[in-house]
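Some notes on the structure that comes next.
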Amino acid sequence: MSTLIHAKDLNFLLYQVFEAEQLTELNRYKEHDKTTFDSILNTAQGIATDYFVPHNAKADQNEPIFDGANVKTIPEVKIAWQQYAASGLLSAQHDYEHGGMQLPTLIHMACHAFFMSANPSTAAYPFLTAAAANLIQAFAAPQHKQTFLPAMFDGRFAGTMALTEPNVGSSLGDLTTKAIPQADGNYLIKGQKMFISGGDQDITENIVHLVLARIHGAPQGVKGISLFIVPKFKTYLDGSVAESNDVHLSGLLHKMGYRGTTSTVLSFGENDQCQGYLIGQAGDGLKYMFKMMNEARVGVGLGAAMIGYRGYLESLNYAKNRPQGRLADEKDPSSKPVNIIEHSDVKRMLLAQKSYVEGGLALCLFAARLIDEHQAADNTDSAILLDLITPVVKSFPSAYGPKANDLAIQVLGGAGYTKDYPVEQCYRDNRLNPIHEGTYGIQSLDLLGRKLWQHDQQGLKILLQRIHQTLDEVSDDAAREIATIFCKHLATIEKTTNILGAALRQGKIKQALANSALYLDMFGKLLVAWLWLEMVNKAVKAFKESTHQEDIDFLAGKIQAARYFIMWELPEIEHQAKLLISFDETCSMMQNDWF
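If you want our numbering, it's the 1-based position in the sequence shown plus 9.
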């Protein structure tokens, strides 16, 4: 079995749960079929296995260095980048006429899952580049598309998002980077950005930074923010590279994990020579940037799920092959030790991991399916639902992926705490995901403070319609049992949402949002539990048609993981709901001087 993704799981999710072949009925994807999808997936798996996995630990142990002039990464990173670029995956979702494959987001995300499991640090470079290219394609002027996109698609240029500043953090409305208008219609950029992943490296000819800045004279706050293309090196219209664009690396940040990806402090315009090109309309920068940010949030969720998944598979393999101890009812000390997977508590830890990571992957692929429904079929409901669940897609895997990695270490015991096994690196790498692209707390405020109430709560209504459709399709006795439990907790979520919504409408904003992180966790558990029910429905149907024992075991495992999540994890929302609807002030009323 692959140590990246369980192949049966991925096929089950793509072709049975999310019905990828149905996408080929849409005009945009009509040239594809299951054969082309499988071919692309096999290519991604091959590159991830051959070029990304082998240096995952090496990149962690030999993080990029900066000698004051240049950044140096280990050679394997550039080789992996070149293999990825040569595969066409950087432009896979774009039109045929632009050199793309018109690949569905669902399949493209499944491809990326292999790379995030194999080596999240090196995978960050193509992921950021593809996201930056998508933004430029959507909003930039034709001449800037012509200048930068071909080089980004073929891997000559990389891309980044440069938002955060040293004294600003996530509060982008307070940013201070300036954009000074010039006579030629372009701008001089001046300021500093921090925590810029991939902000400098030695794997590409040029780096295309997407920089948020405030045009001179623009108002304070988010309405005064504009977005600019700022290349590391000045670039001619044909994509050839010229002299420095006055973008300088001030230093590298040394991280707990994700060490193979450079994390940088960048200075723009130290010599007043940094040229930037405005994207779209002045003052709309944050609106444009949200395309890349939302794409990144879904990508972060996928990365968190897949790092958790990698740890799960490593600990599962260890548990199946590590003999130690005997079962509780075995009294003969001379009997043969059993493999630790036989012990009930190890089964618990493995089952928890399975429920988190396979549920998290399903959540991310569901988001990808919604993107396809919206972009290729012009389905407005799918766009509204995607907007609602994006904070959850980012946050649930980011919270429960590291929990899975923690359990993976525990399964290995003392061995898991050493660098002889990859699970400790998985934990360190994954710990970043609850932080970047909007912390857990920021996502919770976004969900409870904004997303739930947009479009007259249409997103929630659409979600509930889909949930009830799944419930209507339950046809098996075992599924009915867990569906009944699910319905009880669904009612709790609906009641809690109504009470909090009423409080917000009455102006009790601080009280209603004080414990928003609890609501985000509740909502995430509900969403993943629903997807587990959906998987159970599909598994039950396939189970009745299966004759091979391997398939039967796989499907039985799906049903058992769903049972675990709904019976062990989902009920935790009842306590959270009580705290929320009582507007508990234990945390918010804590005084600074009492700490």
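All C-beta atoms in this analysis are idealised placements derived from N, C-alpha and C, irrespective of residue type, glycine included.
Residue interval of the alpha helix (DSSP H) (run including residue i)
i	result
Phe136	129–148
Glu252	Premise fails: Glu252 lies in the beta strand (DSSP E), 250–253, not in any alpha helix (DSSP H).
Leu589	582–590
Phe237	That residue, Phe237, is in no alpha helix (DSSP H); its beta strand (DSSP E) goes 234–240.
Pro175	Pro175 -> no alpha helix (DSSP H), and no H or E assigned at all.
Leu258	Per DSSP, Leu258 belongs to no alpha helix (DSSP H); it is in the beta strand (DSSP E), 256–261.
Ala488	486–514
Asn20	16–20
Val86	84–95
Thr595	Counting along the chain, Thr595 falls outside any alpha helix (DSSP H), and DSSP gives it neither H nor E.
Phe27	That residue, Phe27, is in no alpha helix (DSSP H); it is neither H nor E in DSSP.
Gly566	558–573
C-alpha distance - residue i paired with residue j, whole-angstrom precision
i	j	result
Asp438	Thr169	19 Å
Ala526	Thr505	14 Å
Lys87	Ala132	11 Å
Gly55	Glu594	52 Å
Glu85	Thr479	46 Å
Leu372	Met531	15 Å
Phe563	Asp247	52 Å
Asp163	Phe136	14 Å
Gln92	Ala53	10 Å
Lys243	Lys470	49 Å
Thr501	Ile518	21 Å
Gly178	Gln229	16 Å
Ile198	Gly77	22 Å
Tyr573	Ser484	19 Å
Gly266	Arg459	32 Å
His498	Gln520	23 Å
Ser343	Ile494	44 Å
Asn601	Glu578	33 Å
Gln146	Leu395	21 Å
Asn414	Lys363	11 Å
Asp255	Ser11	45 Å
Ala512	Ile568	39 Å
Given residue i as reference, the closest of the options once Cα atoms are compared
i	options	result
Gln31	Ala94, Ile508, Asp42	Asp42
Ala68	Thr389, Asn442, Arg268	Arg268
Leu261	Phe242, His225, Asp209	Asp209
Asn79	Leu23, Glu490, Glu214, Lys547	Glu214
Ile14	Val537, Gly320, Pro151, Cys596	Gly320
Pro73	Ser249, Asp211, Ala141	Asp211
Gly423	Glu252, Arg331, Ser259	Arg331
Gln70	Thr82, Asp455, Tyr318	Thr82
Asn326	Lys340, Ala314, Lys356, Ala122	Lys356
Val401	Ala385, Ala413, Ser249, Leu370	Leu370
Ile508	Glu490, Tyr528, Gln569, Thr45	Tyr528
Ser591	Ala523, Asn65, Glu279	Ala523
Trp539	Glu503, Ala492, His584	Ala492
Gly384	Leu589, Leu115, Leu473	For clarity, residue 384 is Gln in the given sequence; the question names Gly instead. Per the Cα distances, Leu115.
Leu360	Gly566, Phe604, Gln25, Glu40	Gly566
Gly182	Tyr134, Gln201, Lys232, Gly194	Lys232
His103	Asn143, Thr138, Ser130	Asn143
Glu106	Leu158, Ala150, Val549	Leu158
Gly629	Ile288, Lys39, Lys202, Thr156	Because the chain in this structure spans residues 10 to 604, residue 629 falls outside the shown range and cannot be described.
Asp465	Ile393, Ala160, Phe166	Ile393
Leu23	Ala586, His445, Glu543, Ala328	Glu543
Arg489	Val545, Glu503, Trp462	Val545
Cys283	Tyr365, Lys187, Glu304	Lys187
First and last residue of the uninterrupted beta strand (DSSP E) at residue i
i	result
Gln201	196–206
Val274	272–277
Tyr297	That residue, Tyr297, is in no beta strand (DSSP E); its alpha helix (DSSP H) goes 294–330.
Gly285	284–287
Phe532	It is not in any beta strand (DSSP E) - Phe532 instead sits in the alpha helix (DSSP H) that spans 525–554.
Val217	215–224
Lys187	187–190
Within-9 Å CB hit, residue i to chain D
i	result
Thr506	This model lacks chain D altogether; it includes just one protein chain.
The segment 234–243 / the segment 290–307 touching (three or more Cβ pairs under 8 Å): yes
Given 8 Å, three or more beta-carbon pairs between the segment 264–274 and the segment 326–344: no
Cβ contact (3+ pairs, closer than 8 Å) linking the segment 421–430 and the segment 296–310: no
Inter-stretch contact (C-beta, 8 Å, three-pair minimum) for the segment 409–421 and the segment 384–395: no
In chain order, each alpha helix (DSSP H) run of at least 4 residues that lies wholly inside the segment 435–468: 449–458
Beta strand (DSSP E) segments (min. 3 residues) lying fully within the segment 337–406: none
Alpha helix (DSSP H) runs wholly inside the segment 33–60, at least 4 long, in chain order: 43–56
Three-pair Cβ contact test at 8 Å for the segment 448–457 versus the segment 346–365: no
The segment 376–383 contacting the segment 541–557, beta-carbon criterion three pairs below 8 Å: Taking 8 Å as the limit for Cβ pairs, the verdict is that the segment 541–557 does not touch the segment 376–383.
Contact the segment 309–319 vs the segment 101–112: 3+ CB pairs below 8 Å: no
Cβ contact check for the segment 533–540 and the segment 404–412: 3 or more pairs under 8 Å: yes
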